[in-house]
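Trainee: Structure incoming, see below.
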Amino acid sequence: MMEPQVTWPTDRSKTARRRAERTAPGPLSFAGTCVLALAGVLACLLGLAAPAAGTSTLRHALYVSATETRLQIETPVSDPAVRTSFLDSPRRFVAEVSVSNGQMPAQDRIIPVPSDPRVASIALSQGGDHVRYTFLLRKGAKVQYRVLKGASIVTLVLRSAPSQAIVTQQSARRSHSTGPRPSAPSGPSRFLDPGPQDGGQDAPSSPQAAQQGRVILGGAPMGAALGTPAGNATDHEKATGPLSNVRLRGFVEATGAQDLKRDHRFEQTRTFRNRVRLEAKLPLASPPGKTHFLVSAESDLLWFGPHRDWNDHDVDLYEAYLHWAEGPWEVRVGKQIVRWGKTDQLSPVDNLNPQDLRQFVVPTLEERKIPTWMARLRFFHRSFSLEAVAIPFFEPADLDYFGTDWAIFRHTREVLEEAPLPPFLRHAAASVGVDEDEPPKTFRNTQWGVRTGITVGGWDLAASYLYGWNPMPFVKSFPVKGIRTDGSFDPAQILTAASQATWAAEDVAVGYRRTHTVGLEWETVLGNYGFRGETAFTSHGVFLTSDLTSVTQPVLFTVIGIDRTWADDWYANLQLGHQVLLDYGKSVLYFKRHNVSVNGEIRKDLFRGDLEARLRAMVLLTDGGSFWNPSLTVRRFAPLSITTGLKLFAGPSDTFFGTYSDNDQAYVTVRYNY
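If you read the sequence shown in my numbering, its first letter stands for residue -12, the second for the next number, and so on.
This is the structure:
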């Protein structure tokens, strides 16, 4: 082995300094967590004492006319996901609206609608992380529906269908709609149930025209947001001060995990994560969804141990943006999360926000997203939409290079530091840092993208282009030269590979690469099933190689999926992915030229939503690796929920999932939404 002159740099990268800080969070960070926790408790108490002051309780308003039934829902989440389906015996229209950060209804309810020619009743029930709205349709009623979304408001529209409409039974999932906002009632329609055409006047063009039929279903009334004349506001809806309309919401969540076994002495067998988030939303105009300011802060503590303790504790501004909408225009500026694409968990088009990968893919995609400073402009015209985004500051993915079971190089540094090597080499290994070269914050490094969508013949179609930076690190050089690994990072394999390599006096050098991404999306319904998909071409995908440096590859990635909701509270979602590395080299770790995967979930609500059983999974058919996440969630004491489950990795040790097979764990999560 060649003996180098070891002169290690003393001022290493931001990553190295951040890693050092993670071992000892300071008193200010702890104080920030305490402040957020106390603020959250105070918000809970205020919400219990004065629900009319604006808490996270769902707000509803129902408008009924001769030809239209319109249910407007103000949710506690921005851009909520919506799944819809039609069920038989009796005929029902079902919509599930995500409220993962909000408060569930206090109890299940059934609201009769005697004056509605289409709907006999509407049932509200909680299930998992969503609220289900079930519209019991009258016998013989012929109905078309629309799902309209904007900001945190979802509008479900059931309208008497024209006699010439084609009748089908359909099921669809709508999460990242390219269609219009609720203020612009146009978009795709779905038809079901033949029957006599309902006569009468046209449906109102706005909620104001339907005030005679307004019914409050639950939560605090939405007041001006639903078009109530100012002079007719009830005492319950009247403002009591400049901050009376501020709405507070958030959550406190703690997760503890234990590895099922300890595979080697460098492994960290326990995990604890505590997140506290507090969000305030201030309406600046009427209705509140039209113009508002939203700000949130988050405390996030992540600890691995007890062997070789590692922790990261931050108190950060989470989101902070100004939202404005007028006519066909919508603008949002600030720190935010913007999702493109149609598919779940595996989305090649969704590249605007980096991800928190400190625990790999153990958290869901939604939990991994990191808010980014950006400006978004959207324009709507009938079934057409156009969107533009600009991201002035680059934000990389949040991950670790050394020192954890999930780090890129796992425990390579620790293994070499304690290996039977000459003392100067052990010292060199212990001193290895990471020199990150992030793009300067200049105008020419701005990321920007455009997306256009249209609805044609029942198909929601979208196309997008993004000129940005790949948030994954590109490893330019590794200090152990000539090393050849299989990607397993097993301690014995690391020692064998290092003994045949040459050492250099340098840190790991990391940069980032510009990339072009062109994407296509589609979504429709096929019988009882929702059908969707997306495909993206990325000019510079980043991949790790056997010498622990990176290469870029042009990549074509396609995902197609189907889902269905059944009448007895079953839901299933299945997706097939095909990723092609167009300039494949055999030194690339974990991937082949063609990579085929299957992912999805199946869930069942039990005991009227008090218990949810769920299985998430992803299987890489190409290499045999897989990830499995069975879980049970108790929601009997909502807004408190308790989840217990397993997170299991399987496959050969040199595969994408199999390399983490030492990290199988059982976990418990306790979460309180306020």
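Here a beta-carbon is modelled for each residue, glycine too, at the ideal position from N, C-alpha and C.
Considering Cα atoms alone, identify which of Thr330, Ile357, Asp331, Trp327 is closest to Pro341.
Mentor: It is Ile357.
Trainee: Under DSSP, the beta strand (DSSP E) around Pro478 begins and ends at which residues?
Mentor: Looking at the DSSP string, Pro478 is not in any beta strand (DSSP E); the run it does join, the alpha helix (DSSP H), is 478 to 486.
Trainee: Report the rounded CA-to-CA distance for Tyr577 versus Arg658, giving the unit in angstroms.
Mentor: 35 Å
Trainee: Would you kindly work out how many angstroms separate the C-alpha atoms of Arg252 and Gly632, rounded to a whole number?
Mentor: Separation of Arg252 and Gly632 (C-alpha to C-alpha, rounded to the nearest whole angstrom) is 25 Å.
Trainee: Please state the DSSP three-state secondary structure of Tyr654.
Mentor: strand
Trainee: When DSSP labels each residue in this structure, what does Tyr577 get in the three-state scheme?
Mentor: strand
Trainee: Alpha carbon to alpha carbon, how far is Ala244 from Gly292? Give it in angstroms, no decimals.
Mentor: 11 Å
Trainee: Are there 16 or more other CB atoms within 10 angstroms of the CB of Thr429, so buried, or fewer, so exposed?
Mentor: Thr429 comes out exposed.
Trainee: On the premise that Phe636 lies in contact with Lys644, defined as a C-beta separation below 8 Å, what is that separation, rounded to the nearest angstrom?
Mentor: Reading off the sequence, residue 644 comes out as Phe, not Lys. At roughly 5 Å, the Cβ-Cβ gap stays under 8 Å, so Phe644 and Phe636 are in contact.
Trainee: Can you tell me where the beta strand (DSSP E) holding Ala307 begins and where it ends?
Mentor: 297 to 313
Trainee: Cβ atoms of Ala492 and Lys463: under 8 Å apart, would you say?
Mentor: no
Trainee: Express the C-alpha separation of Phe614 and Asp477 in angstroms, rounding to a whole number.
Mentor: One alpha carbon belongs to Asp477, the other to Phe614, and they sit about 19 Å apart.
Trainee: Any chance the segment 545 to 562 sits against the segment 304 to 316, with 3 or more Cβ pairs inside 8 Å?
Mentor: Short answer: they don't touch.
Trainee: Using a Cβ-Cβ cutoff of less than 7 Å, which residues in the same chain neighbour Leu664 once the five nearest sequence positions on both sides are dropped?
Mentor: In the structure as shown, the chain begins at -12 and stops at 661. Residue 664 is therefore absent and cannot be evaluated.
Trainee: Helix or strand or just coil, what does DSSP make of Ala68?
Mentor: Ala68: coil per DSSP, three-state reduction.
Trainee: Nearest CA to the CA of Val437: which residue from Ser286, Ile378, Ser537?
Mentor: Cα-wise, what sits closest to Val437 is Ile378.
Trainee: Could you pull out every residue in the same chain whose Cβ sits closer than 8 Å to the Cβ of Gln480, ignoring the five residues on either side in sequence?
Mentor: Once the five neighbours on either side are set aside, the close Cβ partners of Gln480 are Thr472, Asp473.
Trainee: Report the residue from Ser486, Arg580, Leu482, Phe530 whose alpha carbon sits nearest the alpha carbon of Val402.
Mentor: Minimum Cα-Cα distance from Val402 among the listed residues Ser486, Arg580, Leu482, Phe530 corresponds to Leu482.
Trainee: With a cut-off of 8 Å on the beta carbons, I'd call Gly638 and Gly612 a contact; round off their distance for me.
Mentor: 3 Å
Trainee: Please return the same chain residues whose Cβ sits closer than 7 Å to the Cβ of Val529, not counting the five positions on each side in sequence.
Mentor: Asn457, Met459, Phe461, Arg500, Ser537, Thr539.
Trainee: Name the DSSP beta bridge partners of Arg590, please?
Mentor: Tyr558, Arg601
Trainee: Would Ser108 and Pro99 qualify as a contact pair, given that the criterion is a beta-carbon distance under 8 Å?
Mentor: yes
Trainee: Note down, in chain order, each residue of its chain lying with its Cβ closer than 8 Å to the Cβ of Asp385, except the 5 sequence neighbours on either side.
Mentor: Within the same chain, Pro341, Gln342, Asp343, Leu344, Arg345, Ile357 come within 8 Å of Asp385 by CB-CB distance, once the 5 residues on both sides are set aside.
Trainee: Suppose you measure from the CA of Val336 to the CA of Trp509; what does that come to, to the nearest Å?
Mentor: 12 Å
Trainee: How is Asn457 classed by DSSP in three states: helix, strand or coil?
Mentor: coil
Trainee: Which same chain residues, not among the five before or five after Val655, have their C-beta less than 6 Å away from its C-beta?
Mentor: Gly243, Thr631
Trainee: Suppose you measure from the CA of Gly34 to the CA of Arg125; what does that come to, to the nearest Å?
Mentor: Its pLDDT being 45, under 50, Gly34 is placed unreliably by the model, and the measurement read from it follows with that caveat. Spanning the two alpha carbons is a distance of roughly 38 Å.
Trainee: For Tyr452, count neighbouring Cβ atoms within 10 angstroms of its own Cβ and tell me buried if that reaches 16, exposed if not.
Mentor: exposed
Trainee: For Thr642 and Val606, what's the separation of their Cα atoms in angstroms?
Mentor: 11 Å
Trainee: Can you pull the DSSP bridge partners for Leu607?
Mentor: Beta-bridge pairing by DSSP links Leu607 to Ser584.
Trainee: Tell me the rounded alpha-carbon separation between Phe544 and Arg580.
Mentor: Taken atom to atom, the span from the alpha-carbon of Phe544 to that of Arg580 is near 12 Å.
Trainee: Would Gln131 count as contacting chain C if we go by Cβ distances under 8 Å?
Mentor: Annotation note: the requested chain C is absent from the structure, which comprises a single protein chain.
Trainee: Which residues does DSSP list as the beta-bridge partners of Arg413?
Mentor: DSSP output for Arg413 lists no bridge partner at all.
Trainee: Would you say Leu627 touches the ligand NAD, meaning its beta carbon is less than 7 Å from a heavy atom?
Mentor: The ligand NAD is not among the ligands present in this structure, which contains no ligands whatsoever.
Trainee: Under the rule that 16 or more other beta-carbon atoms within 10 Å means buried, what is His414, buried or exposed?
Mentor: With fewer than 16 other Cβ atoms within 10 Å, it is exposed.
Trainee: So if DSSP puts Glu425 in a beta bridge, which residue, or which two residues, is it bridged to?
Mentor: BP columns for Glu425 are empty, so no partner.
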